[in-house]
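Accompanying notes for the structure given below.
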Amino acid sequence: MAIVQFQDLSVPVDARHVLNILVTILFVIWLSNVILGLDWVRHRWRRFLFASRVLGISCWVLFLAFPCQLLAVGMLQSMPNGCVDPSLDIPSFRRNRQALPKKVLFFFGFALHHGAGLLFGAQVLRPLVQASNAGLDVTVFNLQGGVLVVLLCQALRWVLHMLVLQRRAPKWMNFLNLPLAFVQTMAMLCTLLFDNFEDRIPAEYLVAIIIGNSIEFVADIAGNKVSTHEELESLPSVSYERQMSVARHLHGVEPIGADDSVKRRLSALEPVAKDGMDEGIAKVIATLPEPCKSLLLAHFLTHATKESSGKVGASSIGAASLQCEA
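According to our numbering, the stretch in the sequence shown is residues 2 to 327, in order.
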């Protein structure tokens, strides 16, 4: 007879959810540090965060039509910000010049927000996926009111983050983040206090994410800015106390959604194109709007070698004009 039974070595039931939160948070922190340890990714973390948000919103839209496990995973990967949040990066934490207690509090809050949010989202979406796999007609709106408010607030915050990263958000939209965070936290609190959720969402997950959201709310009110704090003396200062980070400077120089490589290439080729044009045709092209002008110049560089004189002819002008009109 064995002295110790294997079933006696299992984790106590009351501690499983707490342990699951701790392990999830540790792995999210570890994965964030591994990914942000790559300089190319760390200096462009906003682009990766934007890609994570796009994937999360896309899966959210498709999940409304067809709840399935693959789409749920696509939504959940955006809960911890795609594991590219500098708030969980240890080197960025060390470079932060804020007071140590303040840094530790915010780090703890963001860790709870990401880790517990991932587990909370999985618990909410799992019954919908299981019911859909069983052939039942279910949607996100089958969820309890409080949980539904939490998910809708999260989706709206993702959309807001995407617009801010693209620099397309109106100024009034910047004031929506705090109200949305407050409503989301209150909805979680009401779910914890008044909803019968014991068979679906562990109370430990709700408590953890409420604490994390509350600390994140305080950080936003205090003006905390997410940054890698990787500074160079040659970069301009954001304020008297804070130097602009490398990632923020690169985000300003190469904003998301902007690509002027084609315009720069056409501008560089414009003098070359004009050298092979008749003077009269060059003057006519110069008066055209920019899209038509660029098309004509590009068309000339492609087809001018076919002209016997080496200069653009009427046939090239006509063909390019048709492209421009199209």
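The beta carbon of each residue, even a glycine, is placed where N, CA and C say it ideally should be.
For clarity, every value in this text was computed on a predicted model and none was experimentally measured.
Asked	Found
For Gly11, three-class secondary structure by DSSP	Reading off the sequence, residue 11 comes out as Ser, not Gly. Ser11 falls in the coil class under three-state DSSP.
Run of the alpha helix (DSSP H) containing Val55, from where it starts to where it stops	46-66
Opposing strand residues paired with Ser246 [DSSP bridges]	Glu232
Range covered by the alpha helix (DSSP H) that runs through Met76	70-77
Three-way DSSP call (helix, strand, coil) for Ile1 in this model	The first residue shown for the chain is 2 and the last is 327, placing residue 1 beyond what the model contains.
Inter-residue Cα distance where the pair is Val219 and Met80	19 Å
Contact check, Thr229 vs Ala248, beta carbons under 7 Å	yes
Cβ neighbours of Cys60 in the same chain (closer than 7 Å, five flanking residues each side left out)	Leu72, Gly75, Met76
Helix, strand or coil at Met80 [DSSP, three-state]	coil
Gly213 and Ala117 closer than 7 Å at C-beta	yes
Between the CA atoms of Ile202 and Pro68 - distance to the nearest angstrom	19 Å
7 Å Cβ cutoff met for Leu251 and His44	yes
Status (buried if at least 16 other CB within 10 Å, exposed otherwise) for Met174	exposed
Alpha helix (DSSP H) runs wholly inside the segment 113-187, at least 4 long, in chain order	146-166
Own chain partners of Cys191 with C-beta closer than 8 Å, once the 5 adjacent residues on each side are dropped	Gly147
Beta-carbon proximity of Leu207 to Val141, cut-off 7 Å	no
Contact check, Val42 vs Ile36, beta carbons under 7 Å	yes
Contact set for Val130: own chain, Cβ-Cβ below 7 Å, skip 5 residues either direction	Pro68, Cys69, Gln70, Ala73
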